[in-house]
Amino acid sequence: MLGRLATGSEVRFEGHVIQILDEGNHVVYTRIDAVEGAKRKFVLSKDIELRLVPIYPIFYPRFVTQYILCELEEEIVIGPGSHTTIKILIPIDLAVYAYSGNSFRILDIVPLHRDVKYTLYGYTAHGYPRSGIVARYCKSKIVDHVNEVRGYALSVVTIRNCMGKVAKVRKMLFDASPLRLYYREGSWRVYTQSITMNVITDTSAIIYYEKPLDPKTVPIDDPETLKPPRISNRTDMLYGY
Amino acid sequence: MYYAIISQIASLIRYYERYLEAALALALGIVLAYFVRKLLFRQLARTMPPHMANIISRGVFYTLIVIFALVSAGIAGINLMGLAVAGSIAGVILGFALQPVISNLAAGLLILTEKILSPGELVEIDGVKGIVTDVTLFSTTIQRMDGVYVRYPNSMIISTKVISYSRSPVIRLDFTVSIAYREDAEKAYEVIRKVVESHPLVLRDPKPEIFVANLGSSGVDILVRVWVPTKFWYDVKMDLLWKIKKAISDAGIEIPFTQVDIWFRTPLRVESFRDLTRGEECE
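Residue numbers (the working numbering), protein chains in the order written: chain A, 68 to 308; chain B, 993 to 1275.
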């Protein structure tokens, strides 16, 4: 379950076994990954508090980009000037944070999705990319419930068609910096903020990140490189949706 | 007594008045130039890289210092006409002597303003591949892939071919895999495709391409083209070809080596002799 990892506890999920052992002067954190046959081990001082929290799916197997491109399993078709609201699942991984007072750092990334792929979100001419960004690619399911699904964050997206013609939406680009993850302690429940996507032209749309979905949830502490921007809380999709 | 001292000081001040005025003007000019430099740097750094903003603001600073020095010299009563003539002659001489330096300076300004190169960029200059570590007004330094630093005069950068690998977010890597003629090419395709698709750093879009590129002298050459994030091209280059080779070998597909059949025009005569030193018979 998400939240504090107490000393002496053991957590098992998705092929991972996490053990926190008290060894007298210090605490030993061990994670055994049965799928990859890997073992991560840290020796920690006793003042360190460990927390298992959700994290953006951009750190495993290594940090490549902060953008996440979600391709919806079904296309959304919206009439001119109209809007619709959908619930989608965005894949997430888990992170073990080491806290001491107000200071923290990510100790370990626990992958929940192994088949990681990246893609170019950009403009391609004659098979050759001209511009764009590299994004973590993922397939997103549209769901009709708000139940917890381990390994996924639930996001409520309102899509507005600001054009004078019918729009078809298949992709959404999220930036891990303004996107925030919220979780409920003692469960696997993870949410994002509520999101609005304004379709502006045939090829461009703007994603706005708004208020948290569930007030009972707590936000994760973003790593330094992904601190939300102070001014602009949006992502511009310039190469289609 | 005091009156005499004060009158002495007053006469000294009167005598050196213009020099004091000149010194004051120069001091004020330096202070003003300092603040202009700071302000300019702060403004420029918002719209351009800091090293570029620093070069421009420093240039403005020194220009202002020269102007104030000339004004101060005028106030002090120094004949600027003679200075101008001497300066012109010195300028011509220096112009000839410092021609390479000036051409590097001009090239450096062009590189910086046109953003031809910037620190952190992976480039190939005159056949040498490396990361740009520093771009100054006179030279550009790159760190070669083996860690050695190479400094190029900026005039050479302008006149030579510069290949930049970092301008695009993605880069294409090509691998040629050869399989024996008797092997099933469809099976080889499938094996390679699985390896390529399972590699996280091989981009999903633009799609990887796998096709027969050549019917070689020893085998069928299959070309594998993949797009990868530019920052990670070396990791993929190191990793992917080995994974493809391993998968092909595991699938029992033969990778051919170069074979040469030799025909002799005349019948081949084979002589047998005894190696006296080793006491063995060789054929």
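Note that CB positions come from ideal geometry on N, CA and C, so glycine has one too.
The structure presented is a predicted model; accordingly, all values stated were derived computationally and were not measured.
Beta-ladder partner(s) of residue i, from DSSP
i, result
"serine 207/A", "Leu139/A"
"histidine 150/A", "Arg227/A"
"tyrosine 249/A", "Tyr258/A, Pro286/A"
"tyrosine 219/A", "Pro158/A"
"leucine 1072/B", "Answer is none; leucine 1072/B lacks a bridge partner."
"tyrosine 276/A", "Ile262/A"
"methionine 239/A", "Cys137/A"
"alanine 1177/B", "Answer is none; alanine 1177/B lacks a bridge partner."
"aspartate 89/A", "Val94/A"
"alanine 1126/B", "The residue asked about is misnamed: residue 1126/B is aspartate in this sequence, not alanine. BP columns for aspartate 1126/B point to Thr1133/B."
"histidine 83/A", "Phe80/A, Asp100/A"
"glutamate 1009/B", "Answer by DSSP bridge pairing: none, since glutamate 1009/B is not bridged."
"glutamate 1182/B", "For glutamate 1182/B, which the question treats as bridged, DSSP gives no partner whatsoever."
Beta-carbon contacts of residue i that lie in its chain and below 6 Å, excluding the five residues immediately before and after
i, result
"tyrosine 1011/B", "Ala1068"
"valine 78/A", "Ile85"
"alanine 1076/B", "none"
"lysine 208/A", "Glu140, Leu156"
"glutamate 116/A", "Tyr166"
"tryptophan 1219/B", "Val1162, Arg1164, Leu1195, Pro1198"
"serine 1209/B", "none"
"tyrosine 249/A", "Tyr258, Pro279, Thr284, Pro286"
"threonine 1128/B", "none"
Where residue i falls: helix, strand or coil (DSSP)
i, result
"cysteine 1274/B", "Bear in mind that the predicted position of cysteine 1274/B carries a pLDDT of just 47, short of 50, making it unreliable; the figure below should be weighed with that in mind. Here cysteine 1274/B sits in strand by DSSP."
"glutamate 1263/B", "coil"
"glycine 168/A", "coil"
"threonine 1250/B", "coil"
"glycine 1211/B", "coil"
"glutamate 1113/B", "coil"
"glycine 1051/B", "helix"
"proline 124/A", "coil"
"arginine 297/A", "coil"
"lysine 1030/B", "helix"
"tyrosine 308/A", "coil"
"asparagine 1046/B", "helix"
Proximity test, residue i beta-carbon vs the ligand NAD heavy atom, cut-off 7 Å
i, result
"arginine 297/A", "Of ligands this structure carries none, so the ligand NAD is not represented either."
CB-CB length for residue i against residue j, believed under 8 Å
i, j, result
"leucine 187/A", "proline 1041/B", "Contact doesn't hold; Cβ gap of about 26 Å is too wide."
"glycine 1112/B", "valine 1124/B", "7 Å"
"glutamate 1221/B", "tyrosine 185/A", "According to the sequence displayed, residue 1221/B carries proline and not glutamate. At roughly 6 Å, the Cβ-Cβ gap stays under 8 Å, so proline 1221/B and tyrosine 185/A are in contact."
Proximity of residue i and residue j at Cβ, strictly below 8 Å
i, j, result
"glutamate 1201/B", "arginine 1185/B", "no"
"valine 1115/B", "serine 1156/B", "yes"
"isoleucine 1103/B", "asparagine 1046/B", "no"
"cysteine 205/A", "proline 128/A", "no"
"valine 1052/B", "leucine 1032/B", "yes"
"leucine 246/A", "tyrosine 276/A", "yes"
"leucine 119/A", "tyrosine 96/A", "no"
"threonine 259/A", "serine 222/A", "yes"
"arginine 107/A", "aspartate 175/A", "yes"
"glutamate 138/A", "valine 236/A", "no"
"lysine 238/A", "glycine 148/A", "no"
"isoleucine 1108/B", "threonine 1152/B", "no"
"valine 224/A", "isoleucine 135/A", "no"
"valine 131/A", "valine 177/A", "no"
Own chain partners of residue i with C-beta closer than 8 Å, once the 5 adjacent residues on each side are dropped
i, result
"serine 1064/B", "Ala1014, Ala1015, Ala1017, Leu1018, Gly1021"
"aspartate 1126/B", "Pro1111, Thr1132, Thr1133"
"alanine 101/A", "Gly82, His83, Val84"
"tryptophan 1255/B", "none"
"valine 1204/B", "Ala1177, Val1212, Asp1213, Ile1214, Leu1215"
Cut-off 7 Å between Cβ atoms - residues of its own chain near residue i, not counting five sequence neighbours on either side
i, result
"glycine 1211/B", "Ser1170, Ile1171, Ala1172, Tyr1173, Pro1248"
"phenylalanine 1167/B", "Val1216, Leu1232, Leu1233, Ile1236"
"glutamate 1275/B", "Residue confidence is low: glutamate 1275/B scores 44 on pLDDT, short of 50, so the model does not pin down where it sits. Its coordinate-derived value is still stated next. These residues qualify, in order along the chain: Val1262, Ser1264."
"cysteine 229/A", "Asn265, Val266, Ile267"
"glutamate 1175/B", "Ile1245, Glu1246"
"alanine 234/A", "Ile145, Asn228, Val266"
Using a Cβ-Cβ cut-off of less than 9 Å, give me the residues of the stretch 256-273 of chain A that come near chain D, in sequence order.
-> Checking the listed chains, one finds no chain D in this structure; the protein chains it contains are A and B.
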